[in-house]
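Engineer:
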Amino acid sequence: MGVALGVAVFAISGGDGSSREPAASAASETTDPSQDTSTASSSSDTTESGLREFAVDTIPVGDSPFIPVHADGAIWVPNRGDGTISRIDTTTRQVTDTIPVGTSPVTPVHADGAIWVPNLTDGTITRIELG
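Residues in the sequence shown are numbered from 0 upward in steps of one, following numbering that gives the first Met the number 0.
1. Tell me which same chain residues have a C-beta within less than 7 Å of the C-beta of ASP71, skipping the five on either side of it?
2. Compute the Euclidean distance between the alpha carbons of ARG51 and ILE66, then round it to the nearest angstrom.
3. Suppose the cutoff is 8 Å on Cβ atoms and the five residues either side in sequence are ignored; what does the same chain contact list for ASP121 look like?
4. With 16 other CB atoms within 10 Å as the buried threshold, where does SER48 fall?
5. So, helix, strand or coil for SER85, using DSSP?
6. Determine the DSSP secondary structure at ILE114, reduced to helix, strand or coil.
7. Going by DSSP, what residue range makes up the beta strand (DSSP E) through GLU47?
8. Considering only residues of the same chain and omitting the five flanking positions on each side of ARG79, which have a CB-CB separation below 8 Å?
9. Near GLY82, which residues of its chain fall below 8 Å by C-beta distance, leaving aside the five closest residues on each side in sequence?
10. Per DSSP, what kind of secondary structure is VAL100 in: helix, strand or coil?
11. Any beta carbon from chain B within less than 8 Å of ILE66's own beta carbon?
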């Protein structure tokens with residue numbers, strides 16, 4: 000039996016400006032080529048090598064963005080280099096808030112109607128109440 004693998008692409012970058020560029024997805028792979036039942040696509044949204052193209056948004060946030068979390072219709076990105084967290088609206092793909100937190104924030108958690116941001120260097124956690 001074949002096992003298919005795929006990759007979704009979402010880009011976040013620190014710095015100025017934003018861009019929208021095509022990116023190729025990872026090709027599907029199977030563990031047993033003789034069991035591969037996939038077929039090639041001749042759609043106009045594939046490259047010559049058969050990889051499908053996707054639009055990729057690059058959204059500028061703070062300095063040294065870290066692993067984000069999705070909550071309350073937004074992506075929350077801790078910015079380790081400047082001690083902030085950026086809120087990206089998933090509909091508009093724009094940063095709507097940049098909130099100061101502690102030193103070196105890491106991956107936040109969504110729980111009990113709030114975003115909880117651990118601050119690695121200063122040993123604190125910042126609670127951001129939602130809605």
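By construction, the Cβ of each residue, glycine as well, lies at the ideal position given by its N, Cα and C atoms.
Structural biologist: According to the structure shown:
1. LEU129 and GLY130
2. Approximately 26 Å between the Cα atoms of the pair.
3. Excluding sequence neighbours, ASP121 sits near GLY101, THR102 and SER103.
4. exposed
5. strand
6. strand
7. No beta strand (DSSP E) contains GLU47, which DSSP labels as neither H nor E.
8. ASP62, SER63, PRO64, PHE65, SER103, PRO104, VAL105 and LEU119
9. For GLY82, the CB contacts under 8 Å within the same chain, skipping 5 residues up- and downstream, are PRO99, VAL100, GLY101, THR102, SER103, PRO104 and ASN118 in chain order.
10. Coil.
11. The chain inventory of the structure shown lacks chain B, comprising one protein chain alone.
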